[in-house]
Amino acid sequence: MKHTIKWIGMALVAVVLISFAKQQNRPTIYLIGDSTVKNSNKEYWGWGTLLPELLDTTRVRVDNHAMAGRSTRTFVKEGRWRKVDSLFKPGDFLLIQFGHNEGSKPDTSKQGYRGVLRGIGKDSVVLDWGNGKRETVHTYGENLRLFVIEAKKKGVTPILLSMIPRNQWDDQGKVKRADKDFGLWAKQIAEEQGVPFLDLNSITADKYDRLGPELVKTSFFPGDHTHTNKDGARENAWSVIEGFRRIKSQLVQYIK
């Protein structure tokens, strides 16, 4: 009897250890971006906060490193990219969604400290912050290129996403798209680097078009035209899931 109890105990310990090992070996989905991916405000939510609800987190982890107010430029400048890059292991995934904070002319002013050069070129500008401190500012596309290339070096699968649409409408009653600037440039870098492009902007904008301006406003945007409430963030998280299916990502296997 004692031997039986002993073997049962050992078997239970083995099961626990195996389960723990599986948990530790789960691939991680790293998220980088701005407040539309992660927001700590109780009124506003980012889709990355709700993405884990739609995935089997016993088999895959979600680690959200997005930060409100950041552009590709400041995400690198503040050392946030360096931290994420240090965490990568082969088999992980990286979802990249920027664009909302990039638009100002890059300079050392309060308005321009987040801005980047437009496009995907290799051109740059050097800013003088005084006291011998200089900063080289690149294009939006070049910053995305950095994220993708460095992730691939670590055996990580990058996925470039176009930014979620704002609550802005054209004269025809359609949501304004990002397919001529930041969304286009993200797509071009994805094609250049041979990585997936998930057109989050288009997927969500199509939903908004069907709902119409009034319902979109009252349902998803409690304040400004950029930040959604929890329902809006969840809708964008579902758009990401739909995007996984459209691009036939390996991440489809983890959808609940």
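Residue numbers (our numbering): 440 to 695.
Positions of the beta carbon are idealized from the N, C-alpha and C atoms, including for glycine.
Could you compute how far the alpha carbon of residue i sits from the alpha carbon of residue j?
i: H666; j: N606; result: 9 Å
i: R557; j: D638; result: 19 Å
i: S510; j: F537; result: 6 Å
i: V595; j: P466; result: 10 Å
i: K522; j: V476; result: 18 Å
i: F514; j: N478; result: 15 Å
i: E653; j: N480; result: 24 Å
i: K572; j: F586; result: 24 Å
i: Q689; j: K528; result: 16 Å
i: E674; j: E581; result: 30 Å
i: I680; j: N570; result: 48 Å
i: R512; j: S525; result: 18 Å
i: D609; j: N464; result: 47 Å
i: G518; j: K669; result: 29 Å
Could you name the residues that DSSP lists as bridge partners for residue i?
i: K572; result: G569
i: W484; result: T667
i: I694; result: L494
i: S658; result: DSSP lists no partner for S658.
i: V564; result: V576
i: F636; result: L599
i: L556; result: T578
Could you pull the start and end residues of the beta strand (DSSP E) that residue i belongs to?
i: I471; result: 467-472
i: L583; result: It is not in any beta strand (DSSP E) - L583 instead sits in the alpha helix (DSSP H) that spans 579-592.
i: N503; result: 500-503
i: F532; result: 532-536
i: I598; result: 596-600
In chain order, what residues of the same chain lie with their CB nearer than 8 Å to the CB of residue i, ignoring the 5 residues before and after it?
i: I686; result: I598, P635, F636, L637
i: G651; result: G612
i: G671; result: W484, S658, F659, F660
i: R584; result: I559, I628, E631, Q632
i: S601; result: Q536, G538, A617, D618, F621, G622, A625, K626, F636, L637, D638, L639, N640, S641
i: D720; result: Outside the shown range of the chain (440 to 695) lies residue 720, about which nothing can therefore be said.
Taking the alpha helix (DSSP H) that residue i belongs to, which residues open and close that run?
i: L639; result: 639-650
i: T497; result: Counting along the chain, T497 falls outside any alpha helix (DSSP H), and DSSP gives it neither H nor E.
i: R519; result: 519-526
i: W608; result: Careful: W608 lies outside any alpha helix (DSSP H) and carries neither H nor E.
i: G622; result: 621-632
i: V515; result: 511-516
So, at 7 Å on beta carbons, what are the nonlocal neighbours of residue i in its own chain, with the 5 sequence-adjacent residues on each side left out?
i: A676; result: W486, L489, L490, L493
i: I629; result: The amino acid at residue 629 is misidentified as Ile; the sequence shows Ala. These residues qualify, in order along the chain: L599, P635, F636.
i: V691; result: F683, R684
i: K544; result: G551, G554
Kindly indicate if chain B contains any beta-carbon less than 9 Å away from that of residue i.
i: D648; result: Chain labels in this structure do not include chain B; a single protein chain is all it has.
Within the same chain, show all residues whose beta-carbon is closer than 6 Å to that of residue i, passing over the 5 residues directly before and after it, in chain order.
i: T575; result: S563, V565
i: E541; result: S510, V555, Y579
i: D495; result: Y693, K695
i: S678; result: L639, I642, T643
task: Answer yes if the stretch 472-479 comes into contact with the stretch 500-517, meaning at least three C-beta pairs across the two stretches below 8 Å, and no otherwise.
output: yes
field: Cβ contact (3+ pairs, closer than 8 Å) linking the stretch 526-535 and the stretch 581-597
entry: yes
field: Inter-stretch contact (C-beta, 8 Å, three-pair minimum) for the stretch 482-500 and the stretch 555-570
entry: no
- prompt: Is the stretch 640-649 touching the stretch 607-617 in the sense that three or more CB pairs, one from each, lie closer than 8 Å?
  reply: yes
message: Assess contact between the stretch 566-584 and the stretch 540-552, defined as three or more Cβ pairs (one per stretch) separated by less than 8 Å. Is contact present?
response: yes
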